[in-house]
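Read through the structure below, which is laid out as C-alpha cells, and then see the notes.
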Amino acid sequence: MPDSVSRRGISQYVSHAAEEIERTVKNGFCEDAEMTFEEYARRWLDRQVKYAPGTLASYRRMLQKVYPLIGEIQLGRLRPMALENMLVELRKRESHGKPVQEATVQKYLTVVSAVLSDAKRNEIIAKNPARMIDLPDTEKREQFIPTEEQAEQLIVALLDEEWVYKAYYILAIYTGCRRGELCALKWDDFRFFGRRAVLTVSRSRSVIAGGGVQEGRTKKGRNRTIAIEEDTTSFLLTYYCIKRKGEEQSHAEHSPYLFRNEESKPVHPDTFTKHLRQSYRENDFPDSFHLHTLRHLFITTLLHHGVDKQTVVELVGHADTSFLERTYCHPQMDLKNQAADVMGETLFRTA
Numbered sequence: 001m002p003d004s005v006s007r008r009g010i011s012q013y014v015s016h017a018a019e020e021i022e023r024t025v026k027n028g029f030c031e032d033a034e035m036t037f038e039e040y041a042r043r044w045l046d047r048q049v050k051y052a053p054g055t056l057a058s059y060r061r062m063l064q065k066v067y068p069l070i071g072e073i074q075l076g077r078l079r080p081m082a083l084e085n086m087l088v089e090l091r092k093r094e095s096h097g098k099p100v101q102e103a104t105v106q107k108y109l110t111v112v113s114a115v116l117s118d119a120k121r122n123e124i125i126a127k128n129p130a131r132m133i134d135l136p137d138t139e140k141r142e143q144f145i146p147t148e149e150q151a152e153q154l155i156v157a158l159l160d161e162e163w164v165y166k167a168y169y170i171l172a173i174y175t176g177c178r179r180g181e182l183c184a185l186k187w188d189d190f191r192f193f194g195r196r197a198v199l200t201v202s203r204s205r206s207v208i209a210g211g212g213v214q215e216g217r218t219k220k221g222r223n224r225t226i227a228i229e230e231d232t233t234s235f236l237l238t239y240y241c242i243k244r245k246g247e248e249q250s251h252a253e254h255s256p257y258l259f260r261n262e263e264s265k266p267v268h269p270d271t272f273t274k275h276l277r278q279s280y281r282e283n284d285f286p287d288s289f290h291l292h293t294l295r296h297l298f299i300t301t302l303l304h305h306g307v308d309k310q311t312v313v314e315l316v317g318h319a320d321t322s323f324l325e326r327t328y329c330h331p332q333m334d335l336k337n338q339a340a341d342v343m344g345e346t347l348f349r350t351a
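According to my numbering, the stretch in the sequence shown is residues 1 to 351, in order.
Here's what the structure looks like:
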C-alpha cells in the first residue's frame with residue numbers, strides 16, 4: 001500500500017484495489033480512467049462486431065492518425081482543449097495536395113467521440129469531452145441528382161447493358177442499396193409474394209485496403225427490408241431464369257449470389273463502379289455522376305414524391321433522419337423554378 005494513503009483512506013483504497021483485481025480476473029485487463037486513449041480505443045475496435053469490415057477499417061485508419069496527437073493521454077485527463085488542439089493539427093494537413101476539408105476533420109472527431117461514448121457508457125469517465133466542442137459549420141457537399149429526364153435516359157441506356165450489369169444498376173436505382181450491399185445479395189435474401197417481392201439486406205462486400213474484398217455486416221450493422229414493386233420483381237425473376245439457364249448449359253455449380261463471375265464467385269465491387277463510369281461517358285452523362293448517384297436518385301425521388309423521412313431512412317439504412325435532412329432535403333432546380341413561378345404569378349396578379 002502506498003505511503004501516501006492515510007489511515008482514513010485505507011478502507012477506500014482496499015475497496016478500489018479489490019474492484020480492479022476483480023475486473024482484471026474477469027476480463028483479463030482492467031479498464032479505468034488511467035488507461036490511455038490509444039489503449040482503450042484499440043480494445044474498443046476489437047469489441048466491435050456490428051459494423052461492416054470497410055467501416056471498421058476506416059475507423060482504424062482514422063484512429064491511427066489521432067493516436068500521435070491524443071493517444072498517450074489518460075481517459076480521465078482527456079479534456080476538450082486537447083481535442084481542439086487535435087483538430088487544429090488535423091486542419092493543417094493536406095490530401096492530394098489540397099487542404100483537408102472541415103467535414104473530413106470532423107469525421108475524425110466523430111470516431112474519437114464514439115470511443116469516448118463507450119467509455120462513458122462503461123462508467124469509466126463521467127462525460128464525453130468530444131461533445132463539449134463548438135465546431136464550425138461545414139460546407140455542404142452538393143449531391144448531384146439526375147433530373148427526371150436524365151433518370152429516364154439513364155434507365156433506357158442501362159437496358160442495353162449485359163444482364164449482370166443491367167440487373168445490378170436497376171436494383172441500385174429501385175432499392176437504393178449501397179454498392180457493397182448489392183454485391184453481397186443472394187437469392188435467399190428475396191421473398192416473393194405473388195407479383196411482388198421483399199428484400200432483406202443484411203450483408204455487404206467491402207474492399208479493404210491491403211485486405212482484398214471482405215464480406216460482413218451492413219455499414220450500420222443493421223438488417224433492413226425493402227419492398228419491391230411488380231415490374232422490378234418481374235425483371236428480377238427474368239434475370240434469375242437467365243442465370244440458371246446459363247449455369248445449366250455450362251454445367252456450372254449454382255451460385256447463391258446474384259452477381260457472380262464465370263467462376264461462380266461474387267463480382268469484385270470495383271467492376272461495377274468502373275463499368276458504370278464508362279457507360280456514363282458513352283451516353284454523355286455529367287462527370288459528376290457516379291455509382292452512388294443511383295442511391296441519391298432513389299432517396300430524392302421518394303422525398304420529392306411525399307414519402308415520409310422516417311420511412312426513407314429505414315429503407316436506405318441510415319441511423320436517423322438528421323443526415324437525410326442535411327444532405328437530401330433540398331428541392332431540385334425544377335422545384336425551385338416552380339416556387340419562383342408561384343411568387344411571380346401571385347405578385348403580378350395583384351399588381
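We put the beta carbon where it would ideally sit given N, CA and C, even for glycine.
Enumerate in chain order the residues of its own chain whose CB-to-CB distance from LEU347 is below 7 Å, with the five nearest sequence positions on each side excluded.
Closer than 7 Å at Cβ, skipping near neighbours: no residue.
Span of the alpha helix (DSSP H) holding ALA172?
Residues 163-175.
Beta carbon of LEU69, beta carbon of MET86: below 9 Å?
Less than 9 Å divides the Cβ of LEU69 from the Cβ of MET86.
Alpha carbon of GLY177 to alpha carbon of ARG224, nearest angstrom
First, the amino acid is wrong: residue 177 is Cys here, not Gly. If you take the alpha carbons of CYS177 and ARG224, they lie about 10 Å apart.
Out of HIS251, ILE242 and ALA151, point me to the one whose CA is closest to LEU258's CA.
For the residues HIS251, ILE242 and ALA151, the minimum Cα distance to LEU258 belongs to ILE242.
Sequence-distant residues of the same chain with beta carbon closer than 6 Å to THR147, five excluded per side:
Closer than 6 Å at the Cβ level, and outside the excluded window around THR147, lies no residue.
Expressed to the nearest angstrom, what Euclidean distance is found between the alpha-carbon atoms of PRO256 and GLU38?
Taking the CA atoms as reference points, PRO256 sits about 41 Å from GLU38.
Option in GLU84, PRO129, GLU181 and ARG277 with minimal Cα separation from PRO53:
Cα-wise, what sits closest to PRO53 is GLU181.
In chain order, what residues of the same chain lie with their CB nearer than 6 Å to the CB of ASN261, ignoring the 5 residues before and after it?
Its chain contains VAL267 as the residues whose beta carbon lies nearer than 6 Å to that of ASN261, once the 5 sequence neighbours on both sides are disregarded; these appear in chain order.
Give every residue of the same chain whose Cβ lies closer than 7 Å to the Cβ of ILE145, excluding the five residues on either side of it in the sequence, and list them in chain order.
Result list for ILE145: HIS296, LEU297, THR300 and GLN332, in chain order.
Comparing the CB of GLU181 with every heavy atom of the ligand SAH, is any distance shorter than 8 Å?
This structure simply doesn't include the ligand SAH, nor any ligand for that matter.
Just reading off the alpha helix (DSSP H) that PHE298 is part of, what are its end residues?
For PHE298, the uninterrupted alpha helix (DSSP H) run begins and ends at 292-304, by DSSP.
Ordered along the chain, which non-local residues of its own chain (more than five positions away) have a Cβ less than 8 Å from that of LYS127?
Cβ neighbours of LYS127 beyond the five flanking positions: LYS120.
Which same chain residues end up closer than 8 Å to ASN337 when comparing Cβ atoms and leaving out the 5 residues on each side of it in sequence?
Once the five neighbours on either side are set aside, ASN337 has no close Cβ partner at all.
Name the two residues that bound the continuous beta strand (DSSP E) containing ALA197.
First-last of the beta strand (DSSP E) with ALA197: 196-201.
Tell me the residue span of the alpha helix (DSSP H) that contains GLY54.
Unbroken alpha helix (DSSP H) run through GLY54: 53-70.
Let's test the definition: count the other Cβ atoms within 10 Å of the Cβ of ALA103 and tell me whether it reaches 16, buried, or not, exposed.
ALA103 comes out exposed.
Going by alpha carbons, who is nearest to LYS264 out of THR271, LYS274, ASP270 and ALA252?
Looking at the sequence provided, one finds Ser at residue 264 rather than Lys. In terms of Cα proximity to SER264, the closest of THR271, LYS274, ASP270 and ALA252 is ALA252.
Can you say whether TRP44 is buried or exposed, counting buried as having 16 or more other CB atoms within 10 angstroms of its CB?
TRP44 should be labelled buried.
Going by Cα to Cα distance, which pick from ALA33, VAL49, LEU154 and ARG77 is closest to TYR280?
Considering only alpha carbons, the answer is LEU154.
Please report the straight-line C-alpha distance between ILE133 and ARG205, rounded to a whole angstrom.
A direct Cα-to-Cα measurement between ILE133 and ARG205 gives close to 35 Å.
Who pairs with ILE208 in a beta bridge, going by DSSP?
Answer is GLY212, bridged to ILE208.
Check VAL25 in the structure and name its three-state DSSP category.
Caution is warranted here: a pLDDT of 44 is assigned to VAL25, below 50, making its placement in the model unreliable, and the coordinate value is therefore given only provisionally. VAL25: helix per DSSP, three-state reduction.
Tell me the DSSP bridge mates of PHE192?
ALA197, per the DSSP bridge assignment.
Please report the distance separating the alpha-carbon of VAL25 from that of ASP32.
Low confidence applies here, because VAL25 scores a pLDDT of 44, under 50, leaving its location unreliable; read the following figure in that light. Rounded to the nearest angstrom, the two C-alpha atoms are 14 Å apart.
Exposed or buried, PRO129, counting other C-beta atoms within 10 Å across all chains shown (16 or more means buried)?
Buried, since its Cβ has 16 or more Cβ neighbours within 10 Å.
Once you ignore the five residues that flank TYR169 on each side, which residues in its own chain have a CB closer than 6 Å to its CB?
Only LEU158 meet the Cβ criterion.
For SER279, does the three-state DSSP call read helix, strand or coil?
Collapsing the DSSP output to three states places SER279 in a helix.
Which residue or residues does DSSP assign as beta-bridge partners of TYR257?
The secondary-structure analysis by DSSP pairs TYR257 across a beta bridge with LYS186.
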